[in-house]
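Inspection log for the structure reproduced underneath, given as C-alpha coordinates.
Residue numbers (the numbering used here): 344 to 486.
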(Lines of atoms letter the chains of each structure in order from A; the text may use other names.)
(Lines give C-alpha, C1' and ligand atoms only; values in the text may rest on other atoms or scores of the structure.)
Protein backbone atom coordinates (compact mmCIF):
# COMPACT_ATOMS: atom_id res chain seq x y z
CA UNK A 344 0.00 0.00 0.00
CA UNK A 345 1.37 3.43 -0.94
CA UNK A 346 2.14 6.20 1.45
CA UNK A 347 -0.56 8.70 2.26
CA UNK A 348 -0.23 11.87 0.20
CA UNK A 349 0.51 14.67 2.62
CA UNK A 350 -0.31 17.59 0.35
CA UNK A 351 -2.89 17.81 -2.42
CA UNK A 352 -3.28 21.60 -2.63
CA UNK A 353 -1.77 24.82 -1.35
CA UNK A 354 -4.07 27.29 0.37
CA UNK A 355 -4.01 31.06 -0.17
CA UNK A 356 -2.36 31.76 3.20
CA UNK A 357 0.55 29.48 2.29
CA UNK A 358 0.89 31.20 -1.10
CA UNK A 359 0.88 34.65 0.55
CA UNK A 360 3.55 33.58 3.04
CA UNK A 361 5.67 32.02 0.27
CA UNK A 362 5.46 35.23 -1.79
CA UNK A 363 6.53 37.29 1.23
CA UNK A 364 9.47 34.96 1.89
CA UNK A 365 10.46 35.07 -1.79
CA UNK A 366 10.81 38.85 -1.75
CA UNK A 367 13.65 38.60 0.77
CA UNK A 368 15.61 35.98 -1.13
CA UNK A 369 18.03 36.08 -3.99
CA UNK A 370 18.21 33.28 -6.49
CA UNK A 371 18.93 29.70 -5.65
CA UNK A 372 17.38 26.45 -4.62
CA UNK A 373 15.16 27.95 -1.94
CA UNK A 374 13.75 30.54 -4.36
CA UNK A 375 13.05 27.79 -6.89
CA UNK A 376 11.21 25.79 -4.24
CA UNK A 377 9.15 28.81 -3.19
CA UNK A 378 8.21 29.49 -6.81
CA UNK A 379 7.03 25.89 -7.13
CA UNK A 380 4.83 26.27 -4.05
CA UNK A 381 3.39 29.54 -5.35
CA UNK A 382 2.69 28.01 -8.78
CA UNK A 383 0.84 25.05 -7.25
CA UNK A 384 -1.11 27.48 -5.06
CA UNK A 385 -2.16 29.38 -8.17
CA UNK A 386 -3.72 26.20 -9.48
CA UNK A 387 -0.95 25.04 -11.78
CA UNK A 388 -0.93 21.30 -12.08
CA UNK A 389 1.68 19.68 -9.87
CA UNK A 390 3.14 17.63 -12.72
CA UNK A 391 3.39 20.73 -14.92
CA UNK A 392 5.32 22.61 -12.23
CA UNK A 393 7.61 19.62 -11.71
CA UNK A 394 8.27 19.33 -15.46
CA UNK A 395 9.12 23.03 -15.80
CA UNK A 396 11.55 22.87 -12.86
CA UNK A 397 12.94 19.50 -14.02
CA UNK A 398 12.25 17.79 -10.73
CA UNK A 399 9.92 14.98 -9.76
CA UNK A 400 6.35 15.52 -8.67
CA UNK A 401 7.29 13.94 -5.35
CA UNK A 402 9.96 16.60 -4.79
CA UNK A 403 7.37 19.35 -5.15
CA UNK A 404 5.10 17.49 -2.71
CA UNK A 405 7.98 17.25 -0.25
CA UNK A 406 8.78 20.97 -0.55
CA UNK A 407 5.16 21.92 0.11
CA UNK A 408 5.00 19.67 3.16
CA UNK A 409 8.29 20.91 4.58
CA UNK A 410 7.24 24.53 3.99
CA UNK A 411 3.96 23.98 5.80
CA UNK A 412 5.64 22.33 8.78
CA UNK A 413 8.83 24.37 9.10
CA UNK A 414 8.33 27.52 7.06
CA UNK A 415 11.20 28.94 5.05
CA UNK A 416 13.73 26.99 7.13
CA UNK A 417 12.27 23.74 5.77
CA UNK A 418 13.22 24.60 2.19
CA UNK A 419 16.95 24.83 2.83
CA UNK A 420 19.07 21.75 2.20
CA UNK A 421 19.74 19.81 5.34
CA UNK A 422 23.34 19.39 6.45
CA UNK A 423 25.03 16.31 5.11
CA UNK A 424 26.83 13.90 7.39
CA UNK A 425 30.60 13.74 7.40
CA UNK A 426 32.98 11.31 8.96
CA UNK A 427 34.60 12.50 12.12
CA UNK A 428 38.35 12.92 12.11
CA UNK A 429 40.20 10.09 13.78
CA UNK A 430 42.94 12.37 15.08
CA UNK A 431 42.12 15.38 17.24
CA UNK A 432 43.67 18.76 16.47
CA UNK A 433 46.20 18.45 19.33
CA UNK A 434 47.20 14.99 18.07
CA UNK A 435 47.70 16.33 14.54
CA UNK A 436 49.81 19.18 15.92
CA UNK A 437 51.93 16.70 17.87
CA UNK A 438 52.55 14.62 14.75
CA UNK A 439 53.48 17.75 12.80
CA UNK A 440 55.93 18.66 15.55
CA UNK A 441 57.52 15.20 15.24
CA UNK A 442 57.94 15.75 11.52
CA UNK A 443 59.42 19.24 11.87
CA UNK A 444 61.85 18.28 14.64
CA UNK A 445 62.70 14.87 13.21
CA UNK A 446 62.03 13.30 16.59
CA UNK A 447 59.65 10.63 17.84
CA UNK A 448 57.27 10.82 20.81
CA UNK A 449 60.10 9.96 23.20
CA UNK A 450 62.33 12.72 21.85
CA UNK A 451 64.71 10.39 20.01
CA UNK A 452 66.00 11.17 16.52
CA UNK A 453 63.88 9.66 13.76
CA UNK A 454 63.92 9.69 9.97
CA UNK A 455 60.23 9.45 9.28
CA UNK A 456 58.68 7.25 6.63
CA UNK A 457 54.97 6.73 6.22
CA UNK A 458 55.26 3.22 7.69
CA UNK A 459 57.24 4.43 10.71
CA UNK A 460 54.77 7.26 11.28
CA UNK A 461 51.85 4.84 10.99
CA UNK A 462 53.32 2.62 13.72
CA UNK A 463 54.15 5.63 15.95
CA UNK A 464 50.61 7.03 15.66
CA UNK A 465 49.12 3.65 16.54
CA UNK A 466 51.45 3.24 19.51
CA UNK A 467 51.19 6.82 20.84
CA UNK A 468 47.50 7.58 20.21
CA UNK A 469 45.91 4.18 19.67
CA UNK A 470 44.55 5.35 16.32
CA UNK A 471 44.90 3.16 13.26
CA UNK A 472 45.29 5.06 10.01
CA UNK A 473 45.92 3.58 6.59
CA UNK A 474 49.19 4.37 4.84
CA UNK A 475 47.28 6.29 2.19
CA UNK A 476 45.36 8.41 4.70
CA UNK A 477 48.53 9.21 6.62
CA UNK A 478 50.32 10.15 3.37
CA UNK A 479 47.40 12.44 2.40
CA UNK A 480 47.53 14.14 5.81
CA UNK A 481 51.28 14.64 5.60
CA UNK A 482 50.93 16.16 2.12
CA UNK A 483 48.16 18.47 3.34
CA UNK A 484 50.44 19.63 6.15
CA UNK A 485 53.19 20.42 3.64
CA UNK A 486 55.52 17.46 4.24
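Note that beta-carbon positions come from the ideal geometry of N, C-alpha and C, so glycine has one too.
_Please state the DSSP three-state secondary structure of residue 372._
helix
*Say whether the stretch 428-436 touches the stretch 459-473, bearing in mind that this needs 3 or more beta-carbon pairs closer than 8 Å, one atom from each stretch.*
yes
*Of the residues 400, 419 and 394, which one's Cα is nearest the Cα of residue 531?*
Here the chain comprises residues numbered 344 to 486, so residue 531 is not present and cannot be evaluated.
_Could you compute how far the alpha carbon of residue 380 sits from the alpha carbon of residue 372?_
13 Å
*Can you check whether the CB of residue 407 is closer than 8 Å to the CB of residue 353?*
yes
*In whole angstroms, what separates the C-alpha of residue 389 from that of residue 400?*
6 Å
*Just checking my contact of residue 472 with residue 429 at CB under 8 Å: how many whole Å lie between their CB atoms?*
6 Å
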